[in-house]
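This report concerns only the one structure given below.
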Amino acid sequence: QTIAAGQYLKGTQTIKGDANLKPENIRYGTEMFGQVGALSNIKSMQRGTVTVSEGSSWSYVDIEPVNLNASVARVILHSTSSPTVDMFRITFSSESRIGLNRHSSGTAKDVTWEVIEFENVKSMQRGTVSSSGPETVTIDPVDPFKSLIFVSRRSGAITNWGYNMINMSSVFNSSTSVTFYYRLSNTILGWQIVEFY
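Residues in the sequence shown are numbered from 4 upward in steps of one, following our numbering.
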């Protein structure tokens, strides 16, 4: 507030402040009234390694609770083979638990899981696709230029292992349509789409 020179004030004067005017509530790199923002789009990140045994049953991991409307889960296979001969699907079973699923045969494998909880999320959508691909899915409207797609999939039959395992991509066709490109039978694909403001 600026008070011009030569002014005389009488009585109590109040200039209202706000307890929320602090760096963690202001977007990173933005300055407001002398406060430089430190707010990130990532609220929290959890990560760990789990051994998933053979068989199509689920393996579960307990996590610190997250907001399911602002969080995604992803999985990374530990593999030295070329091409990678396994794939895993990951999903939330609750706000404090994730599950991983794979094909019904093969030895136990180690995978790294990650749970990312975001700030400033406008919308979160999830779904599954069960086909040999490619598959187009209709979604609720989003801004494709402010949205990210996260995909995981349970691999198909062991006889289909090969480069088809890794040839997968996803693309926005429009604000309400996404196509998943892949070729592998007996596949269950899990997708997550997060939209930011």
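Built from N, CA and C at the ideal position, the CB exists for glycine as well.
A direct Cα-to-Cα measurement between M127 and L103 gives close to 20 Å.
Restricting attention to G20, Y185, M90, the CA atom closest to the CA of K112 is found in M90. The C-beta distance from I152 to T115 rounds to 20 Å, too long to fall under 8 Å, and the pair is not in contact. Counting along the chain, the unbroken beta strand (DSSP E) around I93 starts and ends at 92–97. DSSP places F148 in the helix class (H, G or I) of the three-state scheme. Contact between the region 61–80 and the region 91–100 is present: 3 or more CB-CB pairs across the two stretches fall below 8 Å.
For R186, DSSP records no beta bridge to any residue. When secondary structure is reduced to three states using DSSP, E57 falls in the coil class, being assigned neither helix nor strand. Counting along the chain, the unbroken beta strand (DSSP E) around G102 starts and ends at 100–104.
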